[in-house]
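The block underneath contains the structure these notes are about, expressed in C-alpha cells.
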Amino acid sequence: MTTATALDISAIRAGFPILGETVNGRPLVYLDNAATTQKPREVIDALVRYYETTNANIHRGIHALAVRATAQYEGVRAKAAAYIGAPRPDDIVFTRNATESINLVARAWGDQHIHAGDEIVLTQMEHHSNIVPWQLLARRKGAHLRYATVTDDGYLDLDQLRSLIGPRTKLVAVVHASNVLGTINPVAEIAAMARTVGAAVLVDGAQSAPHLPLNVTDLGCDFFAFSSHKMLGPTGVGVLWARPGLLDAMDPFLGGGEMISIVKPDSSTWADVPHKFEAGTPNIADVIAFGAALDYLTNLGMDAVRAHEMNLTAYALDRLQTVPGLKFHGPANVAHRSGLVSFELDSAHPHDVSTIVDAYGVAIRAGHHCAQLLMRRLGVPATNRASFSIYNTPGEIDVLVEALNHVVEVFSDGDRGTTV
Ligand code: C6P
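Start counting at 1 in the sequence shown, then tack on 218, and there's your number in the numbering used here.
What follows is the structure, encoded as C-alpha cells:
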C-alpha cells in the first residue's frame, strides 16, 4: 500500500455521526458506498437548517423566505456545474437520481433524434439504468441496441466498440466507472470515436462523480448523469448536465407548473432552460443539502479523495488475495479502477457471505448489482462487493478479511456450523 494521503481520516470520521454506530455488537464497518454513502454532519445540518430557517417554495413567491430558498437552490446549480467543470449552471437539471436523468434524455432527446433503423451503442458493463431506458426508446422507435463487450481482464474491448460505431449510430451511452468491475472507461477516447459519425455521447457518471476529479468538457460528452446520494448528499436528488445548447433544443420531459411560459387551452410554451425540465415543486431541501456535500468534497479536493480511495483499493486487492478461494473481478491495475472490489468465494454463495460478514458489523453488497448483462458475461449469478469512501480505513479492510476467513472456515467441511 502506498502511504501518501492528504486526508485526515480520523477528523473526517468524527464528522459522520453514523460511523459511531455498532452493528451486531461490533463497530460499523460500512463498505457499501457504491450503493449509497453516509452523510457528514454538514449535510445533515444543512437539511435541518433549511427547514428551521428557510422553508418556502422556490421561483414562485416574492416574500423573503421564497427569495432565500430560491437563491440557495440556484446556488447549488452553480456548485454542481463547477464540480463537474461545466461552463454554465443553466445546463444543469435537477432530477430525482441518475436513473431519472438518463430517462429524461431517452425521452426528451431520444424521441426527437432516434428513428427506425438507428443504432444505440451500449456496453455489457452498464447498470440497468443505462440499458432499460434505451430498450424502451428502441422499442418505441424501431431502433437497435448494440453492445460493446468486456474483456476477460475487465476492460471494454475498444476495438470491438469501434467496430460497432457506424453511419447508423446515433448515440453511444457508456458508464464512466463500472459499479461491479470498478473499471474507469476512457470516455474521452470513446466520445472521439462517436464524433467521427456525429453520434451523441451520454456518460453515466453515477460511480465516477463521487470519486474522480471531473471535467465534462474534457470528457467530450453531450450528457453526464449522476446522483447526490452516492457522493455524501441526500437521496432524492439527481443531476443531468447537457452540452450547452442541447437542452434548449429538446422538448420537455414532464409537464406541469414552473416549466411553462404561457398556457393556452390547447397548447403551451416553455420556460427557459433549465426550468423547462423541472416541472412541479422540486426536492428543494435535499438539493440545498446536496450543496453542502459538494462543498465538502470540493474542500477535501478530489485529487486527495482519489488518492485515498486508490490506496484503499490497492490494499484491499492485496489483502483479499490472502483469503482462500477468493476471486476478484476487474482490472488488476488500480490506476484503471475506482474504489470498489467485487469478488466471490468458491466455498459460499454471495448472500451467505454478506450475512456472515454482517455479524462482524461489516456492510457489503451481494447480488447482481443491477448489472445482469455483466453477470452473464462474468458467468456468475451474483458477486459480493466492497466499495469505499473517504472515511474508510485499511483497518476496516482487515476486519472484512478476518470475517471472510471466518466464512471460509464455516463452509469448509471440517468446521461447518462455527458461529461468530
Ligand atoms: N448503483 C449500486 O449499488 P440511482 O439509483 O439512479 O441513484 O443510480 C443508478 C445507477 C446508475 N449507474 C450506475 C453505474 C450505478 O451504479 C447506479 C446505482 C447502485 O451499484 C444501486 S443498484
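Glycine residues also receive a C-beta, built at the ideal position from the N, C-alpha and C atoms. Since this is a predicted model, take the numbers as computed values, not measurements.
For R244, the CB stays at least 8 Å from every heavy atom of the ligand C6P. An exposed status is given to P235, since fewer than 16 other beta-carbon atoms sit within 10 Å of its beta-carbon. Shortest gap from the CB of S445 to any heavy atom of the ligand C6P: under 8 Å. Annotation for R314: no alpha helix (DSSP H) segment contains it, and DSSP assigns it neither H nor E.
In terms of side-chain proximity, the C-beta atom of S347 is found nearer than 8 Å to a non-hydrogen atom of the ligand C6P. Unbroken beta strand (DSSP E) stretches of 3 residues or longer found wholly inside the segment 495–583: 544–546, 558–563, given in chain order.
Where L363 is concerned, the enclosing beta strand (DSSP E) starts and stops at 362–366.
A residue is called buried when at least 16 other Cβ atoms come within 10 angstroms of its Cβ; A589 meets this threshold and is buried.
Per DSSP, R306 lies in no alpha helix (DSSP H) and is assigned neither H nor E.
For the 9 Å CB-CB criterion, L472 and V323 do not form a contact. For A395, there is no enclosing beta strand (DSSP E), since its DSSP letter is neither H nor E.
Here the segment 324–339 makes no contact with the segment 513–531; the two share fewer than three CB pairs at distances below 8 Å. Between the alpha carbons of I408 and I402 lies a gap of roughly 12 Å. P492 and G579 have their C-alpha atoms spaced approximately 43 Å apart. For A460, the pairing in a beta bridge is given by DSSP as F441.
N602 and K545 have their C-alpha atoms some 10 Å from each other. Taking all protein chains shown into account, P483 has fewer than 16 neighbouring C-beta atoms within 10 Å of its C-beta and is therefore exposed. For T271, the uninterrupted alpha helix (DSSP H) segment begins and ends at 259–271. When DSSP reads this structure, T387 sits in a beta bridge with E337. Excluding sequence positions up to five before and after G233, its CB lies within less than 6 Å of the CB of P258, R259, all in the same chain and listed in chain order. The straight-line gap separating the alpha-carbon atoms of T254 and M449 is approximately 8 Å.
Within the same chain, V311, F312, E476, M477 come within 7 Å of E496 by CB-CB distance, once the 5 residues on both sides are set aside.
Looking at A334, I320, D436, P431, the one whose alpha-carbon comes closest to that of H346 is I320. A direct Cα-Cα distance of roughly 28 Å separates H429 from G597. Remark: three or more beta-carbon pairs, one from each stretch, lie closer than 8 Å, so the segment 550–566 and the segment 606–622 are flagged as touching.
Checking the DSSP bridge columns, you'll see P245 partnered with T240. Among the bridge pairs identified by DSSP, G585 is matched with T601. Taken through DSSP and simplified to helix, strand or coil, I402 comes out as strand. Annotated three-state conformation of S228 is helix, per DSSP. The alpha-carbon separation between S605 and R461 amounts to approximately 31 Å.
Taking the Cα of A510 as reference, the smallest distance to any Cα among V247, N242, R295, H277 is reached at R295. The beta-carbon distance between Q256 and Y248, rounded to whole angstroms, is 6 Å. This is short enough to meet the 8 Å contact definition. In this structure, H587 lies near N397, with their beta-carbon atoms less than 9 Å apart. It is roughly 40 Å from the alpha-carbon of D375 to the alpha-carbon of L237.
For L399, same chain residues with a beta-carbon under 8 Å away, outside a window of 5 residues either side, are M343, V368, G372, H547, G548, P549, R555, S560, L592 in chain order. When distances are taken from the beta-carbon of T317 to the heavy atoms of the ligand C6P, the shortest one is below 8 Å.
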